Amino acid sequence: MIKKRVGVLISGSGSNMHALVKASRIVDYRAEIVCVVSNKPEAGGLKIAQDEGIATHVVNHKNYSTREAFDAALNDYLQSQNLDLIACAGFMRIMTPVLIAPWQGRMINIHPSLLPLYKGLHTHQRAIDDGQKFGGCSVHYVTLELDGGPLIAQTQVPILKGDTAETLAARVLVEEHKLYPVALAKVAQSLGARQKTIQ
Ligand code: GRF
């Protein structure tokens, strides 16, 4: 089995990226994490990746005057890594077609809500304010619609009496760390099947 080459995009603590890295070490796992790229030089996840022996790279968005220029620089780096897939894991940038189009069908994201509910930010607070019984997390393909691409996998998490955005976020994050590796494996497998058909 040839493992699919995956680049992970982060902006922060990188706990989902770490979950993917740990899963990728399992012998039969269908993907390997080749590089971790951050738009923020101070992202905590960079050290985690380095400690795991994974190549890291920073494309600092502050060095670019437009979103498109930043996306072009990031895409150039990703293209240079000969990747099959991109996994966004707490990558807090709105992406333009410059970055999304070349990876259409090969770029996925994890979002902390039960999509299509609560796209965007502050998902847990909004779910609590609405009196929802469940929150959760979703993995989806990245398309031009923010948090709106086709769903790959989802986990429900109960919202408990007295939950705050913080307590709910912590409970959901535990599930994100289980869901994302499963979803990435599923996408890597389906990509393999598609590539065989094309050959
Ligand atoms: C996660 O909740 C993810 O769903 C959201 O941002 C958070 C990132 O956490 N997009 P981490 O950087 O993976 O620890």
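Numbering (our numbering), first residue to last: -3 to 195. We put the CB at the ideal spot given by N, CA and C, even for glycine. Small disclaimer: the values here were computed from a predicted structure and weren't measured.
- [ ] Kindly indicate which residue of Ser76, Phe87, Ser61 has the alpha-carbon position closest to the one of Val4.
- [x] Among Ser76, Phe87, Ser61, the Cα nearest to that of Val4 belongs to Phe87.
Task: Where the beta strand (DSSP E) containing Lys3 begins and where it ends - done: The sequence shown places Gly at residue 3, not Lys. Per DSSP, the continuous beta strand (DSSP E) segment holding Gly3 begins and ends at 0 to 6.
Open item on the list: Using a 10 Å radius around the Cβ and a threshold of 16 neighbouring Cβ atoms, would you call Asp125 buried or exposed?
Closed with: Asp125 should be labelled exposed.
Task: Span separating the alpha-carbon of Val183 from that of Ser34 - done: Distance between the alpha carbons of Val183 and Ser34: 22 angstroms.
TODO: Please list, in chain order, all residues of the same chain as Leu142 whose beta carbon is under 8 angstroms from its beta carbon, the five residues on each side excluded.
DONE: The residues Ile90, Lys115, Gly116, in chain order, have a CB closer than 8 angstroms to that of Leu142 in the same chain once the five nearest residues on each side in sequence are set aside.
- [ ] Within the region 68 to 126, note down every full beta strand (DSSP E) run reaching 3 residues or more, in order along the chain.
- [x] Runs of the beta strand (DSSP E) spanning 3 or more residues and lying entirely within the region 68 to 126 occur at 81 to 84, 103 to 107, in chain order.
Open item on the list: Given this structure, state the Cα-to-Cα distance separating Ala149 from Gly40, to the nearest angstrom.
Closed with: Inter-residue distance for Ala149 and Gly40 is about 27 angstroms (C-alpha atoms, whole angstroms).
Open item on the list: My assumption, with CB atoms under 8 angstroms, is that Gly135 sits in contact with Ala179. Please give the rounded CB distance.
Closed with: Before going further, note that residue 135 is Val rather than Gly in the sequence given. Contact annotation, Val135 with Ala179: C-beta distance approximately 4 angstroms; criterion of less than 8 angstroms satisfied.
TODO: Can you tell me which of the three DSSP states Gln128 falls into?
DONE: Coil, per DSSP.
TODO: Would you identify the three-state DSSP class for Ile155, choosing helix, strand or coil?
DONE: Judged by DSSP in its simplified three-state form, Ile155 adopts coil rather than helix or strand.
TODO: Give the straight-line distance between the Cα atoms of Gln77 and Asn71, rounded to the nearest whole angstrom.
DONE: Take the alpha-carbon of Gln77 and the one of Asn71: they are about 10 angstroms apart.
Task: Continuous alpha helix (DSSP H) stretch holding Ile22: start and end - done: That residue, Ile22, is in no alpha helix (DSSP H); it is neither H nor E in DSSP.
Task: Cβ-heavy atom distance, Ala85 to the ligand GRF, below 6 angstroms - done: True, at least one ligand heavy atom lies under 6 angstroms from that Cβ.
Open item on the list: Quick check on Ile232: does DSSP put it in helix, strand or coil?
Closed with: Past the boundaries of the shown model lies residue 232; the chain is included only from -3 to 195, so the question cannot be answered.
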